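Worksheet for the structure shown next.
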Amino acid sequence: MKRLASIILAAALAAGCAADRSADTDGTIYVTIAPLAEIVYAITGDDFPVEVLVPAGASPETFEPTPRQFIALNRAQFILSTGLIDFENSLVSRVDNPEKVVDLSCGIELIEGTCSHVHEGHHHAHAHGADPHVWTAPRELATMARNAFEAIMARYPDSVKYEIRYDAYADKLRQLDEECAAACAASARKCFVVFHPALTYFARDYGMEQIAVEHDGKEPAAKHLGEVIERARENGVRRVFYQSQFPKSSVEIIADDIGAECVEFDPLAPALSDNIREITRLITE
Numbered sequence: 005m006k007r008l009a010s011i012i013l014a015a016a017l018a019a020g021c022a023a024d025r026s027a028d029t030d031g032t033i034y035v036t037i038a039p040l041a042e043i044v045y046a047i048t049g050d051d052f053p054v055e056v057l058v059p060a061g062a063s064p065e066t067f068e069p070t071p072r073q074f075i076a077l078n079r080a081q082f083i084l085s086t087g088l089i090d091f092e093n094s095l096v097s098r099v100d101n102p103e104k105v106v107d108l109s110c111g112i113e114l115i116e117g118t119c120s121h122v123h124e125g126h127h128h129a130h131a132h133g134a135d136p137h138v139w140t141a142p143r144e145l146a147t148m149a150r151n152a153f154e155a156i157m158a159r160y161p162d163s164v165k166y167e168i169r170y171d172a173y174a175d176k177l178r179q180l181d182e183e184c185a186a187a188c189a190a191s192a193r194k195c196f197v198v199f200h201p202a203l204t205y206f207a208r209d210y211g212m213e214q215i216a217v218e219h220d221g222k223e224p225a226a227k228h229l230g231e232v233i234e235r236a237r238e239n240g241v242r243r244v245f246y247q248s249q250f251p252k253s254s255v256e257i258i259a260d261d262i263g264a265e266c267v268e269f270d271p272l273a274p275a276l277s278d279n280i281r282e283i284t285r286l287i288t289e
């Protein structure tokens, strides 16, 4: 009888612990920036609520989660991040369970560089001194999707549907990579000018040259601006890109000088794959 009572007690304690663990999370999956939500939806469908930390229109470079958001993050089951933006790395030390923070950039060959930024007098250098824009190129995005899938499957190892959905998304990304590679190879455009260097990985993967107007995270000095204009002329640049997070005036001088068109794009757009496809079209036409 004593042994039976011990078994019942152990089972009750185990059930209590399981209940406590389930109470630790509300099932929500957080992503740090909007483009990462596509990865979660592609793998899990509508099985979980997905929330974005950085609100639309805000800059990830200067963003800091609010106390209310930290309360929500401590209830989330996952926090998926690029692992390369300042505030993302501070999450690891500021949430109750650091293991729920998933660094999606693991396994990517990072492009080193200061890639620093100055906003309203404050200097921000990205983690590891690496360019953080890994989500803007299909090959790097494929690695990020794999990392997300592995984290989700570790929690739900018996979910066949997540594996099926991930395989379909991986195929989609392979096709996107092939499309981008073919478009860049066939294009006479081998160089593009952009205000903020958000397409560094894209340029590396497809043999393109990215000329950034922004220099060391600051407005360009006259000398650098002159060099950009000269290189743009030499390469027959007809479009000068600027992110929607920056004003059109940031590139107007260059565009006017070389007779080019100013083109806006948003690297933080939530429709990630479609956005990459459209950026490719704009660069290669």
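For the sequence shown, the numbering used here begins at 5 and goes up steadily by one.
Note that CB positions come from ideal geometry on N, CA and C, so glycine has one too.
Predicted, not measured: the structure shown is a model, and the values here were computed from it.
Between which residues of its own chain and residue i is the CB-CB distance below 6 Å, once the five residues before and five after are set aside?
i, result
"residue 44", "33 and 54"
"residue 206", "140 and 141"
"residue 219", "228"
"residue 100", "78"
"residue 239", "195"
"residue 3", "Residue numbering for the chain in the displayed model covers 5 to 289; residue 3 lies beyond these limits and cannot be assessed."
"residue 125", "Per-residue confidence for residue 125 stands at a pLDDT of 35, beneath the threshold of 50, marking its modelled position as unreliable; no derived number is given."
"residue 105", "83, 95 and 96"
"residue 4", "In the structure as shown, the chain starts at 5 and stops at 289, and residue 4 therefore has no counterpart that could be examined."
Helix, strand or coil for residue i per DSSP?
i, result
"residue 271", "coil"
"residue 177", "helix"
"residue 52", "coil"
"residue 246", "strand"
"residue 196", "strand"
"residue 68", "coil"
"residue 222", "strand"
"residue 265", "strand"
"residue 28", "coil"
"residue 57", "coil"
"residue 63", "coil"
"residue 292", "Since the first and last residues shown for the chain are 5 and 289, residue 292 lies out of range."
"residue 141", "coil"
"residue 214", "strand"
"residue 99", "coil"
"residue 207", "helix"
Among residues of its own chain, excluding the 5 on either side of residue i, which ones have a beta-carbon nearer than 7 Å to its beta-carbon?
i, result
"residue 235", "215"
"residue 29", "79, 80 and 81"
"residue 27", "The predicted model places residue 27 with a pLDDT of 48, which falls under 50 and marks its position as unreliable; any figure quoted below should be read in that light. Within the same chain, residue 27 has no close Cβ partners at all."
"residue 210", "184, 185 and 188"
"residue 143", "181 and 209"
"residue 147", "111 and 112"
"residue 226", "none"
Pull up the distance between the alpha-carbon of residue i and that of residue j, whole angstroms please.
i, j, result
"residue 245", "residue 278", "17 Å"
"residue 251", "residue 98", "34 Å"
"residue 158", "residue 145", "20 Å"
"residue 202", "residue 140", "7 Å"
"residue 7", "residue 46", "Only weak support exists for where residue 7 lies, its pLDDT of 45 falling under 50; the coordinates are left without a value."
"residue 272", "residue 169", "24 Å"
"residue 84", "residue 190", "35 Å"
"residue 133", "residue 116", "6 Å"
"residue 161", "residue 52", "16 Å"
"residue 269", "residue 253", "14 Å"
"residue 280", "residue 114", "19 Å"
"residue 267", "residue 185", "22 Å"
"residue 110", "residue 151", "7 Å"
"residue 192", "residue 284", "13 Å"
"residue 60", "residue 164", "34 Å"
"residue 86", "residue 102", "15 Å"
"residue 224", "residue 237", "18 Å"
"residue 107", "residue 263", "42 Å"
Thinking just about the alpha-carbon of each residue, which of the options is nearest to the one in residue i?
i, options, result
"residue 36", "156, 274 and 147", "274"
"residue 174", "154, 268 and 188", "154"
"residue 177", "42, 49 and 38", "42"
"residue 38", "50, 57 and 224", "57"
"residue 231", "261, 208, 212 and 209", "261"
"residue 241", "208, 287 and 211", "287"
Apart from the five residues on each side of it in sequence, which residues of its chain come closer than 8 Å, Cβ to Cβ, to residue i?
i, result
"residue 166", "47, 48, 153, 156, 157 and 160"
"residue 259", "244, 265 and 266"
"residue 73", "57"
With a threshold of 6 Å (Cβ to nearest heavy atom), would residue i be considered close to the ligand MN?
i, result
"residue 225", "Judged by which ligands are present, the structure shown has none, so any question about the ligand MN falls away."
Checklist entry - Using 8 Å as the Cβ pair cut-off and three pairs as the minimum, do the segment 65 to 72 and the segment 91 to 109 touch? => result yes
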